[in-house]
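*Asks:* Numbering (my numbering), first residue to last: 142 to 348.
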Amino acid sequence: MARYKDAKCRLCRREGAKLFLKASRCSSLKCPLEKKGAVPPGQHGIKSHRRPSNFGRQLREKQKAKRLYGILERQFKAYFNKALKQKEGTGGALLQLLETRLDNVVYRLGLVPSRSVARQLISHGHVLVNNRKVNISSYQLKPDQIISLSPKGLKNDLVKQSLKEKSIKIPVWLSKKAAVGKVLKMPARDEIEVEIDEELIVEFYSR
Numbered sequence: 142m143a144r145y146k147d148a149k150c151r152l153c154r155r156e157g158a159k160l161f162l163k164a165s166r167c168s169s170l171k172c173p174l175e176k177k178g179a180v181p182p183g184q185h186g187i188k189s190h191r192r193p194s195n196f197g198r199q200l201r202e203k204q205k206a207k208r209l210y211g212i213l214e215r216q217f218k219a220y221f222n223k224a225l226k227q228k229e230g231t232g233g234a235l236l237q238l239l240e241t242r243l244d245n246v247v248y249r250l251g252l253v254p255s256r257s258v259a260r261q262l263i264s265h266g267h268v269l270v271n272n273r274k275v276n277i278s279s280y281q282l283k284p285d286q287i288i289s290l291s292p293k294g295l296k297n298d299l300v301k302q303s304l305k306e307k308s309i310k311i312p313v314w315l316s317k318k319a320a321v322g323k324v325l326k327m328p329a330r331d332e333i334e335v336e337i338d339e340e341l342i343v344e345f346y347s348r
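Quick look at the structure:
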């Protein structure tokens, strides 16, 4: 499967926002946004700081959402088409689908420092759903499902470090006890704490 292999910090600079793709580095002074500000990468980065068109704003919001959740265009478009079929608003349904991905939930529970680490743990078979191994990062979780880690996964240094972190805020639609989490319900839009204007994404695909 295709995946992004370039420097992750370039993505944050391009979107002008912290996407927390590199765990603790994003919260430290080493973050390029702290050093260079929200200047897009490349030799013409500063020149690109002009007022974007409506299409430009829609494109950037779509790109930001893709990069935040770590998925590529084809899969993101598939999520949008699935959201179109939902009864609730398309934008809210899209974010709900993205939030309930297994890799995102493992990250939201504070079991790992980033979504990329979550995907690595999942692909190596260290994440369990209802005590059964699941190695698909895009696995869609449902209410009442329980997420835990294998004994080997619990020994991972990044996992042990994350479990010691006390400042992590668990979303209200999830619960956590020790290293075990549970999906209490599907998240409502106001319970999804991401700085994304989903209506711009809907407008982009509705052109």
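No residue lacks a Cβ here, since even glycine has one placed at the ideal position from N, Cα and C.
Is it true that the CB of I287 sits closer than 9 Å to the CB of V321?
*Replies:* The answer is yes: Cβ separation under 9 Å.
*Asks:* From what residue to what residue does the alpha helix (DSSP H) around V247 run?
*Replies:* From DSSP, the alpha helix (DSSP H) with V247 extends over 243 to 249.
*Asks:* Answer yes if the region 230 to 249 comes into contact with the region 265 to 285, meaning at least three C-beta pairs across the two stretches below 8 Å, and no otherwise.
*Replies:* The answer is yes - the region 230 to 249 touches the region 265 to 285, with three or more Cβ pairs under 8 Å.
*Asks:* For a cutoff of 9 Å on Cβ pairs, would you count Y346 as touching chain B?
*Replies:* The structure shown contains no chain B; it holds only a single protein chain.
*Asks:* Using a Cβ-Cβ cut-off of 6 Å (strictly less than) and excluding sequence neighbours within five positions of K207, which residues of its own chain qualify?
*Replies:* Result list for K207: F217, in chain order.
*Asks:* Excluding five sequence neighbours on each side, which residues of the same chain lie with their C-beta closer than 7 Å to the C-beta of K223?
*Replies:* For K223, where only same-chain residues beyond five positions count, the Cβ hits under 7 Å are L238.
*Asks:* Would you mind reading off the limits of the alpha helix (DSSP H) that contains L263?
*Replies:* According to the sequence as given, residue 263 is Ile; it is not Leu. It spans 256 to 264 - the alpha helix (DSSP H) in which I263 sits, taken as one unbroken run.
*Asks:* So, does the region 256 to 264 touch the region 312 to 320, judging by three or more C-beta pairs under 8 Å?
*Replies:* Touching, no.
*Asks:* With a threshold of 8 Å, are at least 3 pairs of Cβ atoms found where one atom belongs to the region 285 to 300 and the other to the region 321 to 332?
*Replies:* Result yes; three or more Cβ-Cβ pairs closer than 8 Å.
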